[in-house]
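Chains as they are written, first to last, in our numbering: chain A, 1 to 238; chain B, 1 to 411. For glycine and all other residues, C-beta sits at the position ideal for the given N, C-alpha and C.
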Amino acid sequence: MALLEVENLVKTYAEGKLQTPVLRGVSFRVETGEFLAIMGPSGSGKSTLLHILGFLDRQSSGSYRFDGKRLDDHSSVALARIRNRQMGFVFQSFNLLPRMDVYGNVRLPLMYSAYPEAQWDALTREAITAVGLEHRLRYDVNQLSGGERQRVAVARALVVKPRVIFADEPTGNLDTKSGRAVMDILQHLNEEHEHTIVLITHETSTAEYARRVIRVCDGQIESDRLVVNRRTGDGYRK
Amino acid sequence: MKLRHTFITAVAGLRANKARSGLTILGIVIGITAIILVMSVGEGAKLMILDQVRIMGSRTIEVEPGRTPKGASDMMEIYTDSLRPRDVVALLNPANVPGLEELTPVVMKVETIAYGTETKRTTVMGASELIAEIMKLKVARGMFFSDEDIRSRAAVAVIGPKVKEKLFGASDALGQKIRIKNRVFRVVGELAPKGSTFFTVDEMVMVPYTTAQDYLLGIDYYHAIMVQAKTEELVPQVKKDIERTLREVHGITDPEKDDFHATTQADAIAIVGIITTILTVLLTSVAAVSLVVGGIGIMNIMLVSVTERTREVGLRKAIGATEGDILRQFLFESVALTGVGGLIGIALGALLSFLTTLVLRQFVSSGWGFSLPISAVILGVGVSTAVGVVFGLYPASIAARKNPIEALRYE
């Protein structure tokens, strides 16, 4: 059973009488453990697609099954719970809370989770160690470099051990070197811990880390192919 | 999210903007301060009057200068000089007031009493020996001054037990010389403890009224005349007779122009009721205005805060916060704001009330006591919390309803 499955997904934004189609019939499946990059120029609808996959937005028509279940009619509370327990988000602009240290930012999702409080500390430290920032535990996030900030955001996405991590242009605000460091971490998570990763990017160098690339243009899938990870020379094994 | 963490999150949010948070709660602080101050001072006044009533006994009628107080300006008439010896003569005539058992003129002054190096500032009451019976005072040692002492303006004093303790400690006070306003008085008696809370006879010094008029005040009129009726049933009749007699002596035909008023203990209790009502109206209006203004300030600053933290709201929702979580977070923030304002207001109100009491003790009556009713504290906490909820609900619901995508895109 596929982890994510969309079929004929359509999203239209209505502003007054003007109907703007953003997605016009998109279908694909993502299996557990995949590393998928969705590429496309700006305005192609890739961000909207990610929002629907992350239950931050709802489709106009078509179906979306998460873990085999259609959740279109679920309450916002139920969807918030799924976002909290099964999904992690990494954004282009980090979205860390200022005036809070690394530890506090990474722990944040746990405060909304079902994990007992006794486990919070261990989970938080584990996630921070996974991104290699254990020496920055008590640093205020404003004191960190851009690359470090994005690694904090990755740790925050990891901390509840989600089934899928959605990364929306994670290297968009970073220089090449920091961007690579962040992508190396995501790749490691995918390979060693079998985290499913859905990445959105318009940068080819970032997409190179994925093992499958879907190209979106004008709200439709232009191509969907397995690629060789050029960094490891590793192909898609399935 | 658990309530404890919601609370911690809210407090952290406020601490990030200390100066703004402080200014915002000023309106709440003023409102709660007003509530506490008025309730506390009002309670002190109420207890003092009730205490006085308890001590005086139900047969006592107090005649004071000035017409029955109807407003703040009438309060000052307590210093008019309309009660004089001819009034006492007229009242003592059984043809005028048949129900009268006895009376005594009274004068009062707050003075410093000294013995050796020990001093105590307290109320000196000038009266005749009959005051002992009217106020049911018992002499523990020695004796009360006599009719003869009144006539001869003798420099003798009867001291309350607390005065004795402060000035003499364990040693004997009888026959010792004390100084009141640099005049020497001989202690002839010590009162037995009466143990009242506010109208503290225990802290008083009694001297013949003639002596007090001449040596301490330099006046030839009285501050009050205390009358005792023969029985409790006769009190209303005696009051009418007193009023008729004094109007006759003072040549007053229109009761509206009275330059005196007679208060029975039942009247005093009624006055307590009036004072309480006036204070309640004052409290409600002053506090309501400042709390509404303060509440609008809270709402305003919370709206600013919600807008500033749009991205934070978006992020929290993305990582799993429900609308309820966000609503509670911002509601807790506004309640924490007003709650802190309420606590500061309670402390400030109590402090101001205490200072007011000190001033009143110095200039009005040493019997005035400080009291902070627990009901005032509960009201203060309750009202400030309620303001936080009422005025925080709208900004919090705006935050809770934010669309996470829009919120995350917000610059």
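query                                                                                                                        : result
Reference V97 of chain B; option with closest CA among B:K239, B:S334, B:V387 and B:T277                                     : B:K239
Simplified DSSP state of N105 of chain A, which is helix, strand or coil                                                     : helix
Local conformation of E118 of chain B per DSSP, three classes                                                                : strand
Same chain only: Cβ atoms within 7 Å of G339 of chain B, ignoring 5 sequence neighbours per side                             : S384, T385 and G388
Cα-Cα separation, V141 of chain A to G147 of chain A                                                                         : 11 Å
Rounded straight-line distance, which links the Cα of D184 of chain A to that of P98 of chain A                              : 26 Å
Collapsed DSSP secondary structure at G172 of chain A in the structure displayed                                             : coil
Short CB-CB distance (under 9 Å) between I311 of chain B and chain A                                                         : A small fix is needed here, since residue 311 of chain B is Arg in this sequence, not Ile. Yes, because at least one Cβ of chain A sits closer than 9 Å to the Cβ of R311 of chain B.
Span of the alpha helix (DSSP H) around T24 of chain B                                                                       : K18 to T24
Interface flag, L9 of chain A vs chain B, CB-CB below 9 Å                                                                    : no
CB contact check: M111 of chain A to chain B, cutoff 9 Å                                                                     : yes
N-terminal and C-terminal residue of the beta strand (DSSP E) that H261 of chain B is part of                                : F260 to T264
From B:D325, B:V124, B:A266 and B:T253, residue whose alpha carbon lies closest to that of L3 of chain B                     : B:D325
Touching by the beta-carbon criterion (3+ pairs, under 8 Å), the region 299-317 of chain B and the region 60-69 of chain A   : no
9 Å Cβ cutoff, H51 of chain A in contact with chain B                                                                        : yes
K11 of chain A - DSSP class collapsed to helix/strand/coil                                                                   : strand
Nearest-angstrom Cα separation, counted from G22 of chain B out to A4 of chain A                                             : Reading the sequence as shown, one finds Leu at residue 4 of chain A and not Ala. So the two alpha carbons sit approximately 50 Å from each other.
Cβ of L343 of chain B within 9 Å of any chain A Cβ                                                                           : no
Interface positions of the region 94-118 of chain A facing chain B (Cβ-Cβ less than 9 Å), listed along the chain             : N95, L96, L97, P98, R99, M100, G104, L108, P109, M111, Y112, S113 and E117
Span of the beta strand (DSSP E) around V131 of chain A                                                                      : Premise fails: V131 of chain A is in no beta strand (DSSP E) and is neither H nor E.
Under 7 Å from the C-beta of D57 of chain A: neighbouring residues of chain B                                                : I405
Opposing strand residues paired with E64 of chain B [DSSP bridges]                                                           : B:H261
Neighbour list for V77 of chain A in chain B, Cβ cutoff strictly below 8 Å                                                   : T322, E323 and G324
DSSP-derived helix/strand/coil call for K238 of chain A                                                                      : Caution is warranted here: a pLDDT of 37 is assigned to K238 of chain A, below 50, making its placement in the model unreliable, and no coordinate value can be reported.
Three-state secondary structure assigned by DSSP to P41 of chain A                                                           : coil
CA-to-CA distance, S290 of chain B to N8 of chain A, given in whole angstroms                                                : 59 Å
Helix, strand or coil at T277 of chain B [DSSP, three-state]                                                                 : helix
Euclidean distance between Cα positions of I8 of chain B and A16 of chain B                                                  : 13 Å
Spatial distance of E308 of chain B from Q19 of chain A (CA atoms)                                                           : 31 Å
Beta-ladder partner(s) of V6 of chain A, from DSSP                                                                           : A:F28 and A:Y64
Element boundaries [beta strand (DSSP E), containing F185 of chain B]                                                        : R183 to L191
Nonlocal neighbours in the same chain, by C-beta distance under 6 Å from F391 of chain B, ignoring five residues either side : G295, I298 and M299
R225 of chain A: first and last residue of the uninterrupted beta strand (DSSP E) it sits in                                 : Q220 to L226
Cα-Cα separation between A90 of chain B and T245 of chain B, rounded to whole angstroms                                      : 7 Å
Beta-ladder partner(s) of R141 of chain B, from DSSP                                                                         : B:E190
Sub-9 Å separation of A229 of chain B and E101 of chain B beta-carbons                                                       : yes
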